[in-house]
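Peer 1:
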Amino acid sequence: MFWKRYKGSEAMVQIIVFIFTIFIGWLIFDFVKQKKITKENVLTAFISGIVAGVVYYILYWVF
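First residue of the sequence shown? That's 0 in numbering that gives the first Met the number 0, and the numbers climb one at a time after it.
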């Protein structure tokens, strides 16, 4: 059962990539909408990515 030991780390890599993708997507969306990048936009994109990652993590372990 060597492969079962690394299932959690595989999930963490997926979650980190998901968080990064949400962060970049949210930042691009805000840039297109407001035509500039502000600290507030970066912070909201970061928080959105973290929240999405936590929800993804919970759904991963529930299902």
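Yeah, the Cβ is synthetic: ideal placement off N, Cα and C, and Gly gets one too. Given the structure is predicted, the values throughout are model-derived calculations rather than measurements.
1. Rounded to whole angstroms, what's the CA-CA distance from M0 to I14? Just pull it up for me.
2. Let me know the secondary structure DSSP gives T43 once reduced to three states.
3. What do you get for I46, buried or exposed, if any count of 16 or more other CB atoms within 10 angstroms of its CB means buried?
4. Should F22 be labelled buried (16 or more other beta-carbon atoms within 10 Å of its own) or exposed?
5. Taking Y55 and F19 to be in contact with their CB atoms under 8 angstroms, please state how far apart those CB atoms are, rounded to whole angstroms.
Peer 2: Result, derived from the coordinates:
1. Unreliable placement is indicated for M0, whose pLDDT of 45 sits below 50; no coordinate value is reported for it.
2. Look at T43 here: in three-state DSSP terms it is helix.
3. Looking at its Cβ environment, which holds fewer than 16 other Cβ atoms inside 10 Å, I46 is exposed.
4. Within 10 angstroms of the beta-carbon of F22 lie 16 or more other beta-carbons, which makes it buried.
5. In fact, because the Cβ distance is near 12 angstroms, the residues do not count as touching under 8 angstroms.
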